[in-house]
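A.B. asks: Numbering (our numbering), first residue to last: 11 to 582.
Don't be surprised by glycine CBs; every beta carbon is placed ideally from N, CA and C.
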Ligand SMILES: *Cc1c(COP(=O)(O)O)cnc(C)c1O
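Below is the structure:
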């Protein structure tokens with residue numbers, strides 16, 4: 011890598027620790043895990059994000075499951091240092107000052123990586139501009155665009171002001187795509203001719219510097235802004251015809267802008283790479299499958315276990331391949347300890363007493379339609395019969411404040427839970443966050459995932475479960491297409507993507523398959539063949555956690571995306 015030069019990782023959200031509420035879900039957690047692994051591996055990286063002072067939100071759930079949102083108040087000064095640096099950006103023709111905070115991601119290996127949090131809540135700014143960096147994914151389109159100006163344009167200016175020399179810009183999702191416009195102005199060539207003076211836009215120079223990771227096939231995940239909003243909020247950092255050429259003729263599409271101005275583009279799992287190539291024809295889209303930060307997502311009981319039998323695992327997750335050296339009883343003991351700890355927490359929070367002897371399913375992620383949290387309740391009679399006294403289910407997850415179908419989903423689960431009372435205990439825990447995630451992925455027996463194909467680009471919570479010896483029971487979408495070996499690492503729900511294309515599969519058989527497998531395969535194994543069950547637990551560690559960790563992921567980003575100078579990485 012070029013001496014003293016760094017990779018700049020731009021992200022709208024980042025989940026570093028539960029106390030810093032600047033994340034909403036998987037995208038932010040991935041950003042945090044990325045930077046933690048980069049720090050452990052000693053990579054020359056800096057991260058740039060927004061200091062959302064009101065966080066995402068705290069979720070309260072009423073008796074009927076109605077979600078009430080409260081702003082989060084937190085004090086950045088407890089975790090990070092405010093730096094004196096200031097830059098300005100132009101928003102609606104006004105000058106807006108941008109300040110910065112520095113957070114250090116310290117690694118147990120002794121290295122560290124800075125995360126720069128941009129902040130417009132400064133006294134010099136007008137009251138309305140001070141709120142630009144307050145709410146994560148709040149407000150209207152204009153508000154989002156303002157945040158994207160601060161992140162993309164303000165971020166690049168801030169790095170320069172901080173004296174960071176940047177070799178590549180990694181755009182984690184399209185939110186930071188405006189940084190390409192700032193770079194466009196840096197690499198502009200002035201061509202002077204005797205009779206004319208014109209600007210030449212050096213797109214190639216910008217492209218060489220940019221890496222773009224797209225994260226979702228869901229339409230709402232791709233920001234599109236009408237050009238009248240763009241004209242009034244952003245103005246013309248580059249002439250409109252140039253912007254339209256790269257960002258779309260009809261509206262400014264941040265994904266398109268990033269696609270057109272990045273030399274390396276990737277999806278976040280092999281299947282997602284295929285889906286993205288279909289969505290964005292004509293672009294060369296690679297894939298680098300996501301991973302999770304092993305140390306962060308392994309609960310204390312399994313940390314102790316690995317420390318004893320697989321020392322060095324945290325910075326070398328490849329050692330999970332030796333999981334067979336861990337005695338079965340030790341795995342089971344660590345698991346039951348994690349399960350009882352989780353059940354204690356649930357009892358404290360909700361008053362619901364669960365049994366550590368009953369097979370317990372976990373489902374926790376953002377409450378949004380395509381994830382189909384209610385698929386389990388498709389046939390209530392069957393569920394009550396199959397699960398009577400032998401099944402418990404734990405749910406958690408926030409719905410985006412404007413996602414009405416997502417909010418309905420939570421209410422529906424509450425109502426189904428009441429209908430199943432006395433047969434199958436179902437609890438929904440309020441205010442899902444990183445801490446609760448860590449507790450749940452370790453404390454349940456089986457991690458359930460039922461997205462509508464092919465909408466789950468990767469999914470990462472199942473990888474966290476694997477790190478704690480919890481097998482997955484999931485639709486074959488995202489990472490599970492790569493991680494699944496039937497009956498070995500866990501179980502599938504519904505057909506393989508290859509079959510599904512052949513028959514035009516629309517997901518209708520998923521519930522049937524779910525009940526069938528639960529009744530005939532999973533419950534008998536859990537209750538009647540403990541050694542067989544522990545074998546699957548160990549395979550989740552040795553074959554899933556071994557691979558689906560962010561250390562492996564970052565090594566791929568380095569070799570395929572950061573270090574290659576030519577157009578095509580070597581991953582396909
Ligand atoms: C890991 C994690 C997610 C992502 O879950 P998916 O199953 O990948 O959607 C979301 N929220 C939190 C708090 C997490 O820790």
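#1: Confirm, please, whether the CB-CB distance from residue 290 to residue 180 is below 8 Å.
#2: From the DSSP secondary-structure annotation, give me the bridge partner or partners of residue 521.
#3: If I measure Cβ to Cβ from residue 458 and keep anything under 6 Å in the same chain, skipping five residues before and after, which residues do I get?
#4: Any idea if residue 559 is buried or exposed, counting beta-carbon neighbours within 10 angstroms, 16 or more meaning buried?
#5: Can you tell me whether residue 96 is helix, strand or coil according to DSSP?
#6: Less than 8 Å separating the beta-carbons of residue 123 and residue 24?
#7: Could you name the residues of the same chain whose beta carbon sits closer than 6 Å to that of residue 344, not counting the 5 residues immediately before and after it, in chain order?
#8: Beta carbon of residue 324, beta carbon of residue 305: below 8 Å?
#9: Between residue 442 and ligand 1, is the CB less than 7 Å from at least one heavy atom?
#10: Could you tell me the alpha carbon to alpha carbon distance between residue 403 and residue 495, rounded to whole angstroms?
#11: With residue 435 and residue 520 assumed to form a contact (beta carbons below 8 Å), what rounded beta-carbon distance in angstroms separates them?
#12: Three-state secondary structure (DSSP) at residue 582?
#13: Is any non-hydrogen atom of ligand 1 found closer than 7 Å to the C-beta of residue 474, if you look at the structure I gave you?
#14: One question on the structure: do residue 492 and residue 463 come within less than 8 Å of each other, judged by their Cβ atoms?
#15: Looking only at DSSP bridge pairs, what is residue 402 linked to?
#16: With a 10 Å radius around its C-beta and 16 neighbouring C-beta atoms as the bar for buried, classify residue 453 as buried or exposed.
#17: Pick out the complete beta strand (DSSP E) segments inside the segment 399-483, 3 residues or longer, and give them in chain order.
#18: So does residue 469 have its beta carbon nearer than 7 Å to some heavy atom of ligand 1?
#19: Could you give the DSSP three-state label for residue 567: helix, strand or coil?
#20: Based on DSSP bridge pairs, tell me the residues matched to residue 79.
#21: Between which residues of its own chain and residue 64 is the CB-CB distance below 7 Å, once the five residues before and five after are set aside?
#22: What would DSSP say about residue 365, mapped onto helix, strand or coil?
#23: Skipping 5 residues on each side, what residues in its chain have a beta carbon closer than 7 Å to that of residue 450?
#24: What separation, rounded to the nearest whole angstrom, lies between the Cα atoms of residue 60 and residue 430?
#25: The alpha helix (DSSP H) spanning residue 24 covers which residue range?
#26: Straight-line CA distance for residue 550 to residue 532?
#27: Apply the 10 Å Cβ neighbour rule to residue 266 and answer buried if 16 or more other Cβ atoms are within range, or exposed otherwise.
#28: In the DSSP assignment, find the beta strand (DSSP E) that holds residue 311 and state where it starts and stops.
#29: Measure the alpha-carbon distance for residue 156 versus residue 536 and round it to whole angstroms.
#30: Since residue 468 contacts residue 300 with CB under 8 Å, what's their CB separation in whole angstroms?
#31: Can residue 545 be considered in contact with ligand 1, in the sense that its beta carbon sits closer than 7 Å to one or more heavy atoms?
#32: Just reading off the beta strand (DSSP E) that residue 155 is part of, what are its end residues?
#33: Could you tell me which of 346, 417 and 303 sits nearest to residue 326, measuring between CA atoms?
#34: Quick check: does the Cβ of residue 447 come within less than 7 Å of any heavy atom belonging to ligand 1?
#35: Determine the DSSP secondary structure at residue 492, reduced to helix, strand or coil.
#36: What residue range does the beta strand (DSSP E) around residue 166 cover?
C.D. replies: Let me lay it out:
#1: Stepping through the chain shown from its first residue, residue 180 is reached at position 170. Stepping through the chain shown from its first residue, residue 290 is reached at position 280. Going by C-beta atoms, residue 180 is not nearer than 8 Å to residue 290.
#2: On the chain shown, residue 521 is found 511 positions in, with the first residue counted as 1. Residue 521 is not bridged to any residue.
#3: The sequence position of residue 458 within the chain shown is 448, counting from 1. Excluding sequence neighbours, residue 458 sits near 371, 373 and 483.
#4: Residue 559 sits at position 549 when you count from the first residue of the chain shown. With 16 or more Cβ atoms within 10 Å of its Cβ, residue 559 is classed as buried.
#5: Residue numbering aside, residue 96 sits at position 86 when the chain shown is read from its first letter. If DSSP states are grouped into helix, strand and coil, residue 96 belongs with the strands.
#6: Along the chain shown, read from residue 1 onward, the residue named residue 123 stands at position 113. Along the chain shown, read from residue 1 onward, the residue named residue 24 stands at position 14. The beta carbons of residue 123 and residue 24 sit no closer together than 8 Å.
#7: Along the chain shown, one-based indexing puts residue 344 at 334. Annotation for residue 344: 311, 312 and 315 place their beta carbon closer than 6 Å to its own, counting only its chain and skipping 5 residues before and after.
#8: Working through the chain shown from its first residue, we reach residue 324 at position 314. Working through the chain shown from its first residue, we reach residue 305 at position 295. A contact, by the Cβ cut-off of 8 Å.
#9: Along the chain shown, read from residue 1 onward, the residue named residue 442 stands at position 432. Set against 7 Å, the gap from the CB of residue 442 to the closest heavy atom of ligand 1 is smaller.
#10: Along the chain shown, read from residue 1 onward, the residue named residue 403 stands at position 393. Along the chain shown, read from residue 1 onward, the residue named residue 495 stands at position 485. Within the model, the alpha-carbon separation for residue 403 versus residue 495 is close to 24 Å.
#11: To locate residue 435, count along the chain shown from 1; it is residue 425. To locate residue 520, count along the chain shown from 1; it is residue 510. Going by Cβ atoms, the distance from residue 435 to residue 520 rounds to 23 Å, so no, they are not a contact pair.
#12: Locating residue 582 in the chain shown gives position 572, where the first residue counts as 1. Unreliable placement is indicated for residue 582, whose pLDDT of 47 sits below 50; the coordinate value is still reported in the next sentence. Looking at residue 582 - three-state DSSP - the assignment turns out to be coil, as it is neither helix nor strand.
#13: To locate residue 474, count along the chain shown from 1; it is residue 464. Yes, the beta carbon of residue 474 sits closer than 7 Å to at least one heavy atom of ligand 1.
#14: Taking the first residue of the chain shown as position 1, residue 492 is located at position 482. Taking the first residue of the chain shown as position 1, residue 463 is located at position 453. Contact: no.
#15: Taking the first residue of the chain shown as 1, we reach residue 402 at position 392. According to the DSSP secondary-structure assignment, residue 402 is paired through a beta bridge with 370 and 435.
#16: Sequence index remark: in the chain shown, residue 453 carries index 443 (1-based). Here residue 453 is buried: its Cβ has 16 or more other Cβ atoms, across all protein chains shown, within 10 Å.
#17: Scanning the segment 399-483 from its first residue to its last, the whole beta strand (DSSP E) runs of 3-plus residues come out as 401-406, 435-439 and 456-459.
#18: Here residue 469 is taken as the residue at index 459 of the chain shown, counted from 1. At least one heavy atom of ligand 1 is nearer than 7 Å to the Cβ of residue 469, so yes.
#19: Residue mapping note: residue 567 aligns to position 557 of the chain shown, counting from 1. Of the three classes helix, strand and coil, the one that applies to residue 567 here is helix, per DSSP.
#20: By one-based count along the chain shown, residue 79 stands at place 69. 69, per the DSSP bridge assignment.
#21: Indexing the chain shown from 1 puts residue 64 at position 54. Annotation for residue 64: 81, 82, 144 and 145 place their beta carbon closer than 7 Å to its own, counting only its chain and skipping 5 residues before and after.
#22: The residue given as residue 365 occupies position 355 in the chain shown. DSSP places residue 365 in coil when its eight states are reduced to three.
#23: Within the chain shown, numbered from 1, the residue matching residue 450 stands at position 440. The residues are 352, 372, 374, 404 and 406.
#24: Along the chain shown, read from residue 1 onward, the residue named residue 60 stands at position 50. Along the chain shown, read from residue 1 onward, the residue named residue 430 stands at position 420. When rounded, the distance between both Cα atoms is 43 Å.
#25: Locating residue 24 in the chain shown gives position 14, counting from the first residue. Per DSSP, residue 24 belongs to no alpha helix (DSSP H) and is neither H nor E.
#26: Along the chain shown, read from residue 1 onward, the residue named residue 550 stands at position 540. Along the chain shown, read from residue 1 onward, the residue named residue 532 stands at position 522. Straight-line Cα distance between these residues: approximately 15 Å.
#27: As a position in the chain shown, residue 266 is number 256, starting the count at 1. Around the CB of residue 266, 16 or more other CB atoms lie within 10 Å, so the residue is classed as buried.
#28: Taking the chain shown and counting its residues from 1, the one referred to as residue 311 is at position 301. Premise fails: residue 311 lies in the alpha helix (DSSP H), 310-319, not in any beta strand (DSSP E).
#29: Reading the chain shown from its first residue, position 146 is the one you call residue 156. Reading the chain shown from its first residue, position 526 is the one you call residue 536. Taken atom to atom, the span from the alpha-carbon of residue 156 to that of residue 536 is near 52 Å.
#30: For this step, residue 468 is matched to residue 458 along the chain shown. For this step, residue 300 is matched to residue 290 along the chain shown. By a beta-carbon distance limit of 8 Å, residue 468 contacts residue 300. Their separation comes to about 4 Å.
#31: Numbered from 1 along the chain shown, position 535 holds the residue referred to as residue 545. No, Cβ of residue 545 sits at least 7 Å from all heavy atoms of ligand 1.
#32: Residue mapping note: residue 155 aligns to position 145 of the chain shown, counting from 1. Careful: residue 155 lies outside any beta strand (DSSP E), inside the alpha helix (DSSP H) at 151-158.
#33: The residue you call residue 326 lines up with position 316 of the chain shown. Of 346, 417 and 303, the residue nearest in Cα terms is 303.
#34: Here residue 447 corresponds to residue number 437 of the chain shown, with the count starting at 1. In terms of side-chain proximity, the C-beta atom of residue 447 is found nearer than 7 Å to a non-hydrogen atom of ligand 1.
#35: As a first step, residue 492 is located in the chain shown; it is residue number 482 there, counting from the start. In the three-state scheme derived from DSSP, where H, G and I count as helix and E and B as strand, residue 492 is classed as helix.
#36: The residue given as residue 166 occupies position 156 in the chain shown. Looking at the DSSP string, residue 166 is not in any beta strand (DSSP E); the run it does join, the alpha helix (DSSP H), is 165-171.
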